[in-house]
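As given, the protein sequences belong to chains A and B, one line each in that order.
For the working numbering, add 910 to where a residue sits in the first sequence, where the first one is 1.
For the working numbering, add 910 to where a residue sits in the second sequence, where the first one is 1.
In what follows, a structure is listed as structure tokens, so that the remarks can point back to it.
Number of protein chains: 2
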Amino acid sequence: MQRVPLYQAKAEFFRMLGHPVRIRVLELLQEGPKPVRELLAAIEIEPSSLSQQLAVLRRSGIVVSARDGSTVVYSLAGADVADLLRAARRILTELLAGQQGLLAELREAEQSPARLL
Amino acid sequence: MQRVPLYQAKAEFFRMLGHPVRIRVLELLQEGPKPVRELLAAIEIEPSSLSQQLAVLRRSGIVVSARDGSTVVYSLAGADVADLLRAARRILTELLAGQQGLLAELREAEQSPARLL
DNA sequence: TGGGGAATTGCAGAAGCCTTCAACTCATGG
DNA sequence: CCATGAGTTGAAGGCTTCTGCAATTCCCCA
Chain A
911 MQRVPLYQAK AEFFRMLGHP VRIRVLELLQ EGPKPVRELL AAIEIEPSSL SQQLAVLRRS
971 GIVVSARDGS TVVYSLAGAD VADLLRAARR ILTELLAGQQ GLLAELREAE QSPARLL
Chain B
911 MQRVPLYQAK AEFFRMLGHP VRIRVLELLQ EGPKPVRELL AAIEIEPSSL SQQLAVLRRS
971 GIVVSARDGS TVVYSLAGAD VADLLRAARR ILTELLAGQQ GLLAELREAE QSPARLL
């Protein structure tokens, strides 16, 4: 078994999350298992492109797929992703608020530029 | 103000976390503000490479830097990253455990391959 | 005022990731 | 058995990201 430093495993994990389509899939799957067809309808994207992203999620083990007749159903692999996404949203909210605050300052500064110096 | 879909902002956020050095920096900064020199000592890496990664973190707003004489001190921008990293660790633990379980099965299977079919 | 250390920036080459097209597998229904 | 629809896989091309070197900035101290 190959020993990988923990911080590297974490980095890979976050990188795995770092794609809009993959995020949307995880969010959708939080409502419960979904067939590909349904994901495809919700996220507008080429089927093969969705498949590629699903493959990334599958390889990481965060989702699993099961065949049911001619359709394939995906579901979260137990892991509660909800907490993670919630924590991310909290931070993101702070960060965006910060940026808005900054932008507000800059807008004011346009009116009296001296304040920036 | 340019309106970016939330799932895209989330993806960018996770992508920003997706680098071993950046993860280590965030972990170190959880103990409190640290001068670059100290980060450099803890993480073995070229100074310029660390600077690049610090710049990524800075741009995202998750850390801030302040000059103190000839050294520069970095700190978390308030956001409590701890929760996020904790949630990530939980999931990661599950995933790794899953993989180990799987590997164990495969090892058994080597001894009686029929069980896999 | 000039030397020197701390950190950052600019950049080029290498590495990795994303999208898309075409080919393929698998199950269903005629 | 073959055609068709659902998904997946493979591979190429274009883009982004990473690493490391060289040059630069900023501050301190002699």
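Backbone N, C-alpha and C fix where the C-beta goes; we use that ideal spot for every residue, glycine too.
If we cut at 8 Å on Cβ distances, does residue i have a partner in chain A?
i         : result
Arg934(B) : yes
Lys920(B) : yes
Ser970(B) : yes
Glu954(B) : no
Ala987(B) : yes
Leu967(B) : no
Just how far apart, CA to CA, sit residue i and residue j?
i          : j          : result
Leu927(A)  : Ile972(A)  : 10 Å
Gln1029(B) : Val966(A)  : Residue 1029(B) falls outside the range modelled here, since chain B spans only 911 to 1027, and no answer is possible.
Ser970(B)  : Asp990(B)  : 15 Å
Leu1002(A) : Gly1008(A) : 10 Å
Glu1004(B) : Leu939(B)  : 26 Å
Pro943(A)  : Val974(A)  : 10 Å
Ser958(B)  : Thr981(B)  : 15 Å
Leu950(B)  : Leu1006(A) : 29 Å
Arg999(A)  : Leu960(A)  : 24 Å
Ala919(A)  : Asp993(B)  : 18 Å
I'd like to know if residue i contacts chain B, where contact means its C-beta is closer than 8 Å to some C-beta of that chain.
i          : result
Leu994(A)  : yes
Pro943(A)  : no
Gly979(A)  : no
Pro930(A)  : yes
Arg925(A)  : yes
Leu1005(A) : yes
Ala1019(A) : Any reading at Ala1019(A) must be qualified, since the residue scores a pLDDT of 48, below 50, and its modelled position is unreliable; the value itself is stated next. So, not an interface residue.
Leu938(A)  : no
Tyr984(A)  : no
Arg1025(A) : With a pLDDT of only 38 at Arg1025(A), under 50, the local geometry of the prediction cannot be trusted, and the value read off the model is given with reservation. Chain B contact via Cβ: absent.
Val991(A)  : yes
Consult DSSP for residue i and reduce its assignment to one of helix, strand or coil.
i         : result
Asp978(B) : strand
Pro945(A) : strand
Val914(B) : coil
Out of the options, point me to the one whose CA is closest to residue i's CA.
i         : options                                     : result
Glu922(B) : Tyr917(A), Lys920(A), Val931(A)             : Val931(A)
Glu996(A) : Gln918(A), Leu916(A), Glu937(A), Tyr917(A)  : The question names Glu, but residue 996(A) is Arg in the sequence shown. Cα-wise, what sits closest to Arg996(A) is Glu937(A).
Arg947(A) : Tyr984(A), Leu994(A), Arg1000(A), Arg999(A) : Tyr984(A)
Ile953(B) : Pro915(A), Ile953(A), Asp993(A), Leu986(A)  : Pro915(A)
Ile955(A) : Phe924(A), Arg934(A), Glu941(A), Arg1000(A) : Arg934(A)
Ala976(B) : Ser959(B), Pro945(B), Gly988(B), Arg1000(B) : Pro945(B)
His929(B) : Leu964(B), Tyr917(B), Leu986(B), Lys920(B)  : Leu964(B)
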